[in-house]
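Undergrad: As given, the protein sequences belong to chains A and B, one line each in that order.
Numbering-wise (our numbering), the first sequence opens with residue 302 and increments by one.
Numbering-wise (our numbering), the second sequence opens with residue 302 and increments by one.
Just so you know, even glycine gets a beta-carbon here, dropped at the ideal spot from N, CA and C.
Number of protein chains: 2
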Amino acid sequence: MIGKLISSIKRTNAPIVVGLDPMMGFVPETMKKAAFAEYGETLEGAAEAIYRFNEKIVNATADLIPAVKPQIAMYEQFGVPGVMAFKRTVDLCKAKGLVVIGDVKRGDIGSTSLAYAAAHIGTVQVGTKTFAPFHEDFCTVNPYLGSDGINPFIDVCKAQKKGIFVLVKTSNPSSGEFQDRLIDGRPLYELVGEQVAAWGEQAMGDAYSYVGAVVGATYPEMGRVLRSLMPKSLILVPGYGAQGGKGKDLVPFFNEDGLGAIVNSSRGIIAAYRQDAYKSYGEANYADAARAAVLDMKQDIMEALG
Amino acid sequence: MIGKLISSIKRTNAPIVVGLDPMMGFVPETMKKAAFAEYGETLEGAAEAIYRFNEKIVNATADLIPAVKPQIAMYEQFGVPGVMAFKRTVDLCKAKGLVVIGDVKRGDIGSTSLAYAAAHIGTVQVGTKTFAPFHEDFCTVNPYLGSDGINPFIDVCKAQKKGIFVLVKTSNPSSGEFQDRLIDGRPLYELVGEQVAAWGEQAMGDAYSYVGAVVGATYPEMGRVLRSLMPKSLILVPGYGAQGGKGKDLVPFFNEDGLGAIVNSSRGIIAAYRQDAYKSYGEANYADAARAAVLDMKQDIMEALG
Numbered sequence: 302m303i304g305k306l307i308s309s310i311k312r313t314n315a316p317i318v319v320g321l322d323p324m325m326g327f328v329p330e331t332m333k334k335a336a337f338a339e340y341g342e343t344l345e346g347a348a349e350a351i352y353r354f355n356e357k358i359v360n361a362t363a364d365l366i367p368a369v370k371p372q373i374a375m376y377e378q379f380g381v382p383g384v385m386a387f388k389r390t391v392d393l394c395k396a397k398g399l400v401v402i403g404d405v406k407r408g409d410i411g412s413t414s415l416a417y418a419a420a421h422i423g424t425v426q427v428g429t430k431t432f433a434p435f436h437e438d439f440c441t442v443n444p445y446l447g448s449d450g451i452n453p454f455i456d457v458c459k460a461q462k463k464g465i466f467v468l469v470k471t472s473n474p475s476s477g478e479f480q481d482r483l484i485d486g487r488p489l490y491e492l493v494g495e496q497v498a499a500w501g502e503q504a505m506g507d508a509y510s511y512v513g514a515v516v517g518a519t520y521p522e523m524g525r526v527l528r529s530l531m532p533k534s535l536i537l538v539p540g541y542g543a544q545g546g547k548g549k550d551l552v553p554f555f556n557e558d559g560l561g562a563i564v565n566s567s568r569g570i571i572a573a574y575r576q577d578a579y580k581s582y583g584e585a586n587y588a589d590a591a592r593a594a595v596l597d598m599k600q601d602i603m604e605a606l607g
Numbered sequence: 302m303i304g305k306l307i308s309s310i311k312r313t314n315a316p317i318v319v320g321l322d323p324m325m326g327f328v329p330e331t332m333k334k335a336a337f338a339e340y341g342e343t344l345e346g347a348a349e350a351i352y353r354f355n356e357k358i359v360n361a362t363a364d365l366i367p368a369v370k371p372q373i374a375m376y377e378q379f380g381v382p383g384v385m386a387f388k389r390t391v392d393l394c395k396a397k398g399l400v401v402i403g404d405v406k407r408g409d410i411g412s413t414s415l416a417y418a419a420a421h422i423g424t425v426q427v428g429t430k431t432f433a434p435f436h437e438d439f440c441t442v443n444p445y446l447g448s449d450g451i452n453p454f455i456d457v458c459k460a461q462k463k464g465i466f467v468l469v470k471t472s473n474p475s476s477g478e479f480q481d482r483l484i485d486g487r488p489l490y491e492l493v494g495e496q497v498a499a500w501g502e503q504a505m506g507d508a509y510s511y512v513g514a515v516v517g518a519t520y521p522e523m524g525r526v527l528r529s530l531m532p533k534s535l536i537l538v539p540g541y542g543a544q545g546g547k548g549k550d551l552v553p554f555f556n557e558d559g560l561g562a563i564v565n566s567s568r569g570i571i572a573a574y575r576q577d578a579y580k581s582y583g584e585a586n587y588a589d590a591a592r593a594a595v596l597d598m599k600q601d602i603m604e605a606l607g
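1) Roughly how many angstroms separate the alpha carbons of V469 of chain B and G501 of chain B, rounded to a whole number?
2) Measuring alpha carbon to alpha carbon, tell me which of A:E478, A:Q480, A:Y417 ends up nearest C458 of chain A.
3) Is the shortest distance between the beta-carbon of Y579 of chain B and the beta-carbons of chain A less than 7 Å?
4) Please determine if the stretch 341 to 349 of chain A and the stretch 581 to 589 of chain A are in contact, where contact requires at least 3 C-beta pairs separated by less than 8 Å.
5) Distance check for A338 of chain A and T609 of chain A, CA to CA, integer angstroms please.
6) Less than 6 Å between C-beta atoms, sequence neighbours within five positions excluded: which residues of the same chain meet that for R568 of chain B?
7) Taking a Cβ distance cut-off of 8 Å, strictly less, list which residues of the stretch 368 to 379 of chain B are near chain A, in chain order.
8) Anything in chain A within Cβ reach of T390 of chain B, meaning under 9 Å, just list it in chain order.
9) When the Cα atoms are used, what is the spatial distance from R482 of chain A to L492 of chain A?
10) Does the stretch 442 to 452 of chain B come close enough to the stretch 388 to 401 of chain A that 3 or more CB-CB pairs lie under 8 Å?
11) Could you check if T331 of chain A is buried or exposed, using at least 16 other CB atoms within 10 Å of its CB as the buried criterion?
12) Using three-state DSSP, classify P488 of chain A as helix, strand or coil.
13) So which residues of chain A does N288 of chain B contact, with C-beta pairs closer than 9 Å?
14) Report the three-state DSSP secondary structure of Y352 of chain A (helix, strand or coil).
15) Taking the DSSP output, what are the residues bridged to C440 of chain A?
16) Does DSSP put T424 of chain A in a helix, in a strand, or in coil?
17) Strictly below 8 Å CB to CB, what residues from chain A border G320 of chain B?
18) Exposed or buried, which one is S476 of chain A when buried takes at least 16 other CB atoms within 10 Å?
19) So, with DSSP's three-state summary, where would you put A368 of chain B?
20) By the three-class DSSP mapping on this structure, what secondary structure does M603 of chain B have?
21) Taking Cβ positions only, does I422 of chain A come closer than 7 Å to chain B?
22) Where does L537 of chain B fall in DSSP's three states?
23) Leaving aside the five residues before and after I465 of chain A along the sequence, list all residues of the same chain whose C-beta is less than 8 Å from its C-beta, in chain order.
24) Within 7 Å of any Cβ in chain A, is that where the Cβ of K334 of chain B sits?
25) Taking the alpha-carbon of V427 of chain B as reference, which of A:N565, A:M324, A:L344 has the nearest alpha-carbon?
26) Measure the CB-CB distance between P382 of chain A and L321 of chain A and report whether it falls below 7 Å.
27) Taking the Cβ atom as the reference point for each residue, do A585 of chain B and Q378 of chain A lie within a distance shorter than 7 Å?
28) What span of residues does the beta strand (DSSP E) with K430 of chain A cover, start to end?
29) Going by DSSP, name the residue or residues bridged to A514 of chain B.
30) Distance, Cα to Cα, K533 of chain A vs K599 of chain B?
31) Which first and last residues belong to the beta strand (DSSP E) in which S566 of chain A is found?
32) So I570 of chain A and V319 of chain A are supposed to be a Cβ contact under 8 Å. How far apart are they, rounded?
33) For I571 of chain B, would you say it is in contact with chain A, using Cβ-to-Cβ distances shorter than 7 Å as the test?
34) Just reading off the alpha helix (DSSP H) that I310 of chain A is part of, what are its end residues?
35) Which stretch, first to last residue, makes up the beta strand (DSSP E) that contains V318 of chain A?
36) For a contact defined as C-beta to C-beta under 7 Å, what are the partners of T471 of chain B on chain A?
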């Protein structure tokens, strides 16, 4: 799947992920009303509204991008119907040929991580049958528990040819509270980055490993160091756009061949119609605004990469 | 809810949590066959089997214990039907008067953590209606992202009078890989523990804070230090039983009043019938074996606490 992701990035010439993190406030009034008319003001109604919202975004952008990253929290907040909308979104995106990165940030002790890995990128056995429950291509993983929590994901990656992105340096303002603390003179995120490189060597694709890393666009200097510490890991870069990262900040995350990173934007794309630059599209044409925002993001990154 | 948990611990005289982490291998053959006969060898069939398995455990132990801790990964691995079984398990346990600790280990950047908090211990608004999606009383949270990732949970705790347990020192063998690394001469887990104490001061119940901590039974000496660093935080202690922790190892996690910690056992209780000590109950009477294992665990802990 790392091979498919790399080749899709090359084909679209766009190292871009659209973050499908729908909030009810983003969904146009008419679309919300239609879903509520059918399902009531219920969790089912909310889940249907965000699924329909996603559907138009995906249809409007799928030809431009290699991958999407649905953030499961935005679905989980609508309970079981929300989780069902997450699964429908994964299925929809895969049917469109997109690589799906489940942003689930799971991680636990070994036996539990194995269950999470099965849920998201693996399979479970039920009697004589085998199922792929959520069936993402990649998922994000939290490293706080160390190798025990990561190895079950890597085993599933190898068996299923899927991938993970391990949190190394996150994009949020307080990420430094623990991640930047110095251990033997070096920040924790560098140690995690080195461990990602070591984990990644166990599960290599052709040019890149099945084990990637998450490093926030908001920390470009740290991105430069981490890029060199994890030469075979694709870096998933959140924090572009709404969180403040710009095209020029992204250069350090890429290798000289223009590969090695994939940049996520969520609100900046899916709620583009609420920004001044795309306001003229109007709420009803939010998907066209999203397409325009993807094209602008692609240009911004490509110009920065030269 | 921290008040209810403390008073339930006092009432039952049992600082014990039963971990509802059902694996298909634990479910008796006849129970599995009955669920498959009704729902097929499907994710629905598996979810029904683990729910029925839980139901008998809960019925057999509810009068002895203050709380349960369903591990959501074990449900998530059966996809949407599995998540529905998680929700049904939460509802069942609450109807029995048990405090429910959702072991979900979520944590993300602020806006995303807010969605997770709403999902598990808070509420969401859908049009004019309000829903409590999964409706646990407590949930576990990962601290790797720092305060941004924790504060939304604390806000929800205060609004809903619910609680969280933040991972500090986990029970697994590789937990030291990052958690034990020295920062200014002190291990990372101590820094996280100090932060838990600081977060906890913002959200105090009567005697204990809404913000608790997870510290593994497998590391009693670290438990002693953390107990003193976080005097107002209840400590959720996994790792007893199947993971190797014994009653005598638990003493450092408690305060002198015999409170301050709640000890989880999962496989050691729910799959007790597979241990030599409880084999005589037989597979069909697994719930009676679980009850016996709870009584033995209670005695082991009470003897150790003196």
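TA: The structure says:
1) 13 Å
2) Closest by alpha carbon: A:Y417.
3) No, Y579 of chain B lies away from the interface with chain A (no Cβ there is under 7 Å from its Cβ).
4) In short, these stretches do not touch, since the Cβ pair count stays below three.
5) Given a span of 302 to 607 for chain A in the structure shown, any question on residue 609 of chain A remains unanswerable.
6) Excluding positions up to five away in sequence, the list reads A543.
7) Within the stretch 368 to 379 of chain B, the qualifying residues are Q372, A374, M375, E377, Q378, F379.
8) Close to T390 of chain B, with beta-carbon spacing below 9 Å, lies no residue of chain A; the smallest spacing is near 12 Å.
9) 11 Å
10) Verdict: no, contact absent.
11) exposed
12) strand
13) Here chain B has residues from 302 to 607 only, and residue 288 of chain B is not among them.
14) helix
15) A:G403, A:I465
16) coil
17) The premise fails here: G320 of chain B is roughly 10 Å from chain A at the closest Cβ pair, so nothing lies under 8 Å.
18) buried
19) The answer is strand: DSSP assigns A368 of chain B an E or B state.
20) DSSP places M603 of chain B in helix when its eight states are reduced to three.
21) no
22) strand
23) For I465 of chain A, where only same-chain residues beyond five positions count, the Cβ hits under 8 Å are I422, F439, C440, T441, V442, I451, F454, I455, C458, Y511, V512, G513.
24) Output row for K334 of chain B: interface = no.
25) A:L344
26) No.
27) no
28) 430 to 432
29) B:V467, B:I536
30) 50 Å
31) For S566 of chain A, the enclosing beta strand (DSSP E) begins and ends at 562 to 566.
32) 5 Å
33) no
34) Taken as a continuous stretch (DSSP letters only), the alpha helix (DSSP H) holding I310 of chain A covers 303 to 313.
35) 317 to 319
36) I410, L446
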